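Here's the structure, in structure tokens; my notes come after.
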Amino acid sequence: MDDKYKVQGAAALSICESLLLCLGDMGLMTDKDIIGILEDAANGHVTGEPGVEVDDHHQAVHDLIKAIIKGGNSVRHPA
Numbered sequence: 004m005d006d007k008y009k010v011q012g013a014a015a016l017s018i019c020e021s022l023l024l025c026l027g028d029m030g031l032m033t034d035k036d037i038i039g040i041l042e043d044a045a046n047g048h049v050t051g052e053p054g055v056e057v058d059d060h061h062q063a064v065h066d067l068i069k070a071i072i073k074g075g076n077s078v079r080h081p082a
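To convert, count from 1 in the sequence shown and add 3; that's my numbering.
Right, here's the structure in full:
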């Protein structure tokens with residue numbers, strides 16, 4: 004993948020995470036809502052159908068979003 008697109012992808016991810024944090028901080032979305040959005044985004048990259056192979060790119064996107072959910076990057080967790 005071209006470096007230009009890697010930078011664009013990182014910028015888009017950062018912006019989206021900031022928006023999700025802001026929506027949560029403002030009380031417009033609950034943590035459950037935010038995690039639901041992330042789950043939907045992750046699941047959009049894998050079919051889950053038996054016998055259907057997921058290509059490496061979609062699997063990597065799915066895995067990254069799942070790591071974001073697990074790491075709590077888009078939901079503030081009290082210390």
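Cβ atoms here follow ideal geometry from the backbone N, Cα and C, with glycine treated the same way. From a predicted model like this one, the values you see are computed outputs, not experimental measurements.
| query | Quick one: what does DSSP say His-61 is sitting in, helix, strand or coil? | reply | helix
| said: Beta-carbon within less than 7 Å of Leu-41's beta-carbon, same chain only, minus the 5 sequence neighbours each way: which residues are those? | reply: Ile-68, Ile-71, Ile-72, Ser-77, listed in sequence order.
| For Asp-36, does the three-state DSSP call read helix, strand or coil? | Here Asp-36 carries a helix assignment [DSSP, helix/strand/coil].
| message | For a quick check, are the C-beta atoms of Ile-37 and Gly-27 less than 7 Å apart? | response | The Cβ atoms of Ile-37 and Gly-27 lie closer than 7 Å to each other.
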